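In what follows, a single structure is set out as structure tokens and then discussed.
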Amino acid sequence: MFRVMQKNIPGLMVCLVIAMSTSFLSDNYGGPQLLYALLIGLSLHFLYLNETVKPGIDFCAKTVLRLGVAFLGIRITFADISAIGLNTGLMVIFAVATTVCLGFFLAKFLKLSPDFGLIAGGSVGICGASAALAVASVLPKTKENERFTLLVVVGVTVLSTIAMVVYPFALQLLNINSLSAGIFLGATIHDVAQVVAAGMLFGPEAGDVATVVKLFRVALLLPVVLFISIFFGAEKSSQRLGWGSLRLIPTFLLGFVALSVVASMQILPSSATHFIGSISRWMLVIAIAAAGLKTNFQELAKLGWQPVVMLVVETIFIAAIGLSFILWMS
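Convert by adding 351 to the 1-based position in the sequence shown; the result is the number in our numbering.
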């Protein structure tokens, strides 16, 4: 355990230095700290190629991110969740289901394997790279599927990063309120980290709403993967359904719910709640810095035009559903 953590220290220190730098910039010159973390991370991508710091950066982008999202639950009560409403939940379910279906039919139209469409649709519709890996795990284990999964991971990461920067500013230009903006961001951006960052870029209220909506999308990972396994993977894959499938539920989602329960019951003093919230924010800044360090826009060119078209069309499709909903709601 100690050796594993020791291996992560160099990369963790790099991300921590970036986070501290962004705190200085934000406090003294204004501007969103999370955006600074992303931009500095993107500009220092070459550091990720160094094997000494790479494990720590991966640790920050995955483990620290999940801890940060889990701790974010301390800021969100059941009253906040109920404020989102039943209609939003139904919209998210519809958006996820139709995006996965769109991926399936796009793959056939582009003369690709239907498995590719399910992987791409799941990644765009649910939670980016994590969903791509989860869907791929119940599909036949072929070299083509493994290669396409890696390509999708790269593609959705890049598109999610672009959406994280573009969407908040576009919503501000449209004079969208914080509640609607949070719903849109949570329902349309692919990866959890980018959703949280985009929400915080718009404002604290939008950030909280976006996180709740996004985690509802993440919770749909289990039923979607089970459905795909039954109808597309069960006959061709050795993957078995059962209680073991519950491992697909992300642990950080359970942590988020647990802390949300604590916040709703007002068990902890306000000072402790504030401290946990601050720790969460620092973890998210560190994770965004790591996401920036890992992102290589040049890799997108290696995908080929068909997967790029598929991912872009699905991204526009789910964004159109989200935008239509918030405009209807207002």
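Even for Gly, the Cβ is constructed at its ideal location relative to N, Cα and C.
Keep in mind that this is a model prediction, so the values were computed, not measured.
Looking at residue j and residue i, is the spacing between their C-beta atoms short of 8 angstroms?
i           : j           : result
residue 425 : residue 563 : no
residue 473 : residue 411 : no
residue 533 : residue 556 : yes
residue 421 : residue 606 : yes
residue 677 : residue 476 : no
residue 531 : residue 681 : yes
residue 471 : residue 662 : yes
residue 552 : residue 390 : no
residue 428 : residue 614 : yes
residue 542 : residue 478 : yes
residue 635 : residue 398 : no
residue 576 : residue 485 : yes
State the Cα-Cα distance for the pair residue i and residue j, rounded to the nearest angstrom.
i           : j           : result
residue 505 : residue 574 : 24 angstroms
residue 522 : residue 462 : 36 angstroms
residue 378 : residue 387 : 12 angstroms
residue 581 : residue 490 : 10 angstroms
residue 549 : residue 572 : 22 angstroms
residue 466 : residue 546 : 26 angstroms
residue 638 : residue 666 : 23 angstroms
residue 502 : residue 618 : 45 angstroms
residue 454 : residue 468 : 4 angstroms
residue 373 : residue 610 : 27 angstroms
residue 588 : residue 540 : Only weak support exists for where residue 588 lies, its pLDDT of 45 falling under 50; the value from the coordinates is given anyway. Answer to the nearest angstrom: the Cα atoms are 30 angstroms apart.
residue 325 : residue 629 : For the chain, the structure presents residues 352 to 681; residue 325 sits outside this window and is missing.
residue 688 : residue 493 : A question about residue 688 goes unanswered here, because the residues of the chain that appear run from 352 up to 681.
residue 365 : residue 544 : 18 angstroms
residue 448 : residue 499 : 21 angstroms
residue 433 : residue 441 : 13 angstroms
residue 405 : residue 565 : 28 angstroms
residue 381 : residue 525 : 23 angstroms
residue 446 : residue 623 : 37 angstroms
residue 514 : residue 403 : 30 angstroms
Which residues bound the alpha helix (DSSP H) around residue i?
i           : result
residue 565 : 555-570
residue 420 : 416-423
residue 475 : First-last for residue 475: undefined, no H or E at that position.
residue 620 : From DSSP, residue 620 is part of no alpha helix (DSSP H); its letter is neither H nor E.
residue 657 : 656-680
residue 534 : 529-539
Identify which residue in the options has its Cα closest to the Cα of residue i.
i           : options               : result
residue 568 : 397, 647 and 673      : 673
residue 369 : 503, 663 and 393      : 393
residue 417 : 549, 560, 610 and 602 : 602
residue 359 : 610, 531, 413 and 448 : 413
residue 649 : 508, 407, 485 and 401 : 508
residue 578 : 375, 487 and 357      : 487
residue 480 : 664, 404, 646 and 357 : 646
residue 419 : 527, 383 and 632      : 632
residue 495 : 513, 515, 524 and 464 : 464
residue 443 : 612, 664, 535 and 407 : 535
- Inside the region 382-458 only - alpha helix (DSSP H) runs reaching at least 4 residues: 384-394, 405-410, 416-423 and 429-435
- Task: Output the residue ranges of the alpha helix (DSSP H) runs that lie fully inside the region 468-523 and measure 4 residues or longer, sorted by chain position.
- Result: 480-488
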